[in-house]
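A short write-up of the structure that comes next.
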Amino acid sequence: MEADALRAIVAFLQGRVEVREEEGSGALLVTFPTPTAEEMDRAGLDGALSRRLLAADWFPEMVDEVVTTPAFCAPDDPPGLVLRYARDVVAEYVAKRFAP
2 MEADALRAIV AFLQGRVEVR EEEGSGALLV TFPTPTAEEM DRAGLDGALS RRLLAADWFP
62 EMVDEVVTTP AFCAPDDPPG LVLRYARDVV AEYVAKRFAP
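Note that the sequence shown covers residues 2 to 101 in my numbering.
Here's what the structure looks like:
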């Protein structure tokens, strides 16, 4: 079922989002390395859906929104909360902009 395949892709993408503290300043940094279609294939994800998602014109915008998440958080938000917000961005973008 495509809905299940899409959920698996979202979970995979969310798993690539990480947060860490910048050395020296302690500022939170979010990273989101964009996967390749081959990486998604190796993860057992639906190849056609993965390629459509990676080719979407809004995908780079989503990546930018994910990595800039700390700018929209309170300075005292803990890393785990910032990570959750960043991962939520992935789910929201896909849900609003991608129809299998």
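We put the beta carbon where it would ideally sit given N, CA and C, even for glycine.
Fair warning: this is a prediction, and the values are worked out from it, not measured in the lab.
Taking residue i as the reference, which of the options has the closest Cα?
{"i": "Y86", "options": "R98, T35 and T69", "result": "T69"}
{"i": "L29", "options": "D47, P71, A96 and R52", "result": "P71"}
{"i": "T35", "options": "A12, P76, V18 and D77", "result": "V18"}
{"i": "G81", "options": "L7, E22 and R8", "result": "E22"}
By the DSSP assignment, the beta strand (DSSP E) with residue i in it spans what residues?
{"i": "L29", "result": "L29 to T32"}
Taking DSSP's pairing of strands, which residues face residue i in a bridge?
{"i": "R21", "result": "L30"}
For residue i, does the three-state DSSP call read helix, strand or coil?
{"i": "A44", "result": "coil"}
{"i": "A6", "result": "helix"}
{"i": "A38", "result": "helix"}
{"i": "A57", "result": "coil"}
{"i": "A75", "result": "coil"}
{"i": "F13", "result": "helix"}
Let's see if you can read the secondary structure: which residues bound the alpha helix (DSSP H) around residue i?
{"i": "F60", "result": "F60 to V68"}
Excluding five sequence neighbours on each side, which residues of the same chain lie with their C-beta closer than 8 Å to the C-beta of residue i?
{"i": "W59", "result": "Y94 and R98"}
{"i": "A38", "result": "G48, S51, R52 and L55"}
{"i": "V83", "result": "V20, L29, V31, T70, P71 and C74"}
{"i": "I10", "result": "M41, L46, D47, L50, S51, L54 and V95"}
Given residue i, which residues of its chain have a CB within under 7 Å of its CB, disregarding the five upstream and five downstream residues?
{"i": "R88", "result": "Q15 and V18"}
State yes or no: is the beta carbon of residue i nearer than 9 Å to at least one beta carbon in chain B?
{"i": "E93", "result": "Absent from the structure: chain B. Only one protein chain is present."}
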